[in-house]
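A.B. asks: All residue numbers for the sequence shown refer to my numbering, where the first residue is 8 and numbers rise by one.
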Amino acid sequence: MLRIAGIEPFSTVDWPGKLACVAFLAGCPWACPYCQNYILRSIDSATVNEDHLFEFLRKRQGLLDGVVFSGGEPLVQQALPEVARCVRQMGFAVGLHTCGAYPERLRQMLPYVDWVGLDVKAPWDAYERVTGAYGSGERARESLDAVLAAGKELETRTTWHPSLLSQADISTIAHDLAARGVRTWAVQAYRHVGTAGTLPNETVYPSDVPSDLPDLFEHYEFRRA
Ligand code: SF4
C-alpha cells in the first residue's frame with residue numbers, strides 16, 4: 008500500500024502551468040539539512056493510504072489537470088509505479104517530484120509520468136556533502152539520464168545554501184546539466200523557516216549566480232527564500 012502523509016487538494020505551484028493536487032508520500036533515505044519536509048522522512052509520518060487518494064480523485068475528475076507525487080521521496084515506495092498507472096487510467100496527468108534516489112523504480116514509473124521535477128543537489132561527486140548518503144550522486148545522475156532518455160518534460164532544481172555549495176559548485180552543476188541537454192533549471196535560495204534549523208540562517212541572491220549560467224538554459228528561474 009502507498010503510505011501517504013497528506014494530500015494538498017489544489018496547487019498551482021507544484022507543477023508549473025497545471026492545476027494539480029499533491030500527494031505527499033512518507034519516507035526518504037537521504038538527510039539534506041535544508042529539508043523543508045523533514046518530518047516526512049519517516050515512513051511513520053503516513054496517515055492514509057491509496058484508497059483515500061482514489062476516493063479523493065473520484066470526486067475531482069474533470070476539476071484537476073493532474074496529480075503530483077511528492078514527499079519525502081515518493082519513489083521510496085514500491086507501490087508507486089502501479090498507483091501512478093491507475094491514476095493515469097482515471098484521466099489525470101501525473102507529475103513527480105524526486106531526488107533521484109531510486110533510478111530503477113523511476114524507470115518503472117516513467118511510462119505513467121508526464122512531468123518530472125528532479126532535484127540536482129550538488130556536483131555528482133559532492134552529493135554526500137548534502138545528502139549524507141554514500142553513492143547518492145551516482146543514483147541521482149542515473150535518474151536524470153533515465154528521464155532524459157525517456158524524453159519526459161523535466162524541471163531540474165538546485166537548492167543553494169552558501170555553506171553547502173560554492174559558486175564554483177553552482178557553475179559545475181549548471182554546465183553539466185546543459186551539456187546533458189537539460190533545458191529547465193531553477194536555483195532555489197535556501198529558506199530557513201521550516202527546516203530542522205541545523206544550518207546557519209544565511210541565503211543567496213540572484214546576483215550570486217554567475218552571470219553566464221542563465222543563458223545555458225531555455226528556462227531559468229531564481230526562486231527566492
Ligand atoms: S531528498 Fe528531499 S525529502 Fe529527502 S531529505 Fe533531502 S530534501 Fe528532504
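Note that the Cβ used here is the ideal one computed from N, Cα and C, for glycine as well.
Just so we're clear, the structure is a prediction, and the values are computed from it rather than from any experiment.
Following a CB-centred definition, is W167 positioned closer than 7 Å to any heavy atom of the ligand SF4?
C.D. replies: The count along the sequence shown starts at 1 and reaches residue 167 at position 160. It does not: the Cβ of W167 is nowhere closer than 7 Å to a heavy atom of the ligand SF4.
A.B. asks: Just to confirm the assignment, what range does the beta strand (DSSP E) spanning L125 have?
C.D. replies: Within the sequence shown, residue 125 is the residue found at index 118, counting from 1. Per DSSP, L125 belongs to the beta strand (DSSP E) from 122-126.
A.B. asks: Please classify G124 as buried or exposed, where buried requires at least 16 other C-beta atoms within 10 Å of its C-beta.
C.D. replies: In the sequence shown, residue 124 corresponds to position 117, counting from 1. Counting the other CB atoms within 10 Å of its CB gives G124 a total of 16 or more, which places it among the buried residues.
A.B. asks: Can E225 and T191 be called in contact, C-beta distance under 8 Å?
C.D. replies: If you number the sequence shown from 1, residue 225 lands on position 218. If you number the sequence shown from 1, residue 191 lands on position 184. Yes.
A.B. asks: State yes or no: is the C-beta of L71 within less than 8 Å of the C-beta of A27?
C.D. replies: Along the sequence shown, read from residue 1 onward, the residue named residue 71 stands at position 64. Along the sequence shown, read from residue 1 onward, the residue named residue 27 stands at position 20. Going by C-beta atoms, L71 is nearer than 8 Å to A27.
A.B. asks: Are T210 and Y197 close, meaning C-beta to C-beta below 8 Å?
C.D. replies: Within the sequence shown, the letter at position 203 stands for residue 210. Within the sequence shown, the letter at position 190 stands for residue 197. Cβ atoms of T210 and Y197: closer than 8 Å.
A.B. asks: Does the ligand SF4 have a heavy atom nearer than 7 Å to the CB of Y45?
C.D. replies: For the purposes of this step, residue 45 is taken as residue 38 along the sequence shown, with counting starting at 1. Y45: yes, Cβ under 7 Å from the ligand SF4.
A.B. asks: Could you tell me if E62 is buried or exposed, where buried requires 16 or more neighbouring beta carbons within 10 angstroms of its beta carbon?
C.D. replies: For the purposes of this step, residue 62 is identified with residue 55 of the sequence shown, where counting begins at 1. Its Cβ having fewer than 16 others within 10 Å, E62 is exposed.
A.B. asks: In three-state terms, what does DSSP make of T138?
C.D. replies: Your numbering for residue 138 matches position 131 in the sequence shown. Here T138 sits in helix by DSSP.
A.B. asks: Please give me, in chain order, every unbroken run of the alpha helix (DSSP H) with length at least 4 that falls completely inside the region 140-215.
C.D. replies: 143-157, 174-187
A.B. asks: Among the residues of its own chain, which have a CB less than 8 Å from the CB of D176, if the five just before and after it don't count?
C.D. replies: As a working note, residue 176 is residue 169 in the sequence shown. So the list reads A129, P130, A133, once near-sequence residues are dropped.
A.B. asks: Taking the alpha-carbon positions, what's the S218 to T54 distance?
C.D. replies: Here residue 218 refers to the residue found at position 211 of the sequence shown. Here residue 54 refers to the residue found at position 47 of the sequence shown. Between S218 and T54, the C-alpha separation is close to 45 Å.
A.B. asks: Could you name the residues of the same chain whose beta carbon sits closer than 6 Å to that of G241, not counting the 5 residues immediately before and after it, in chain order?
C.D. replies: Here the chain comprises residues numbered 8 to 232, so residue 241 is not present and cannot be evaluated.
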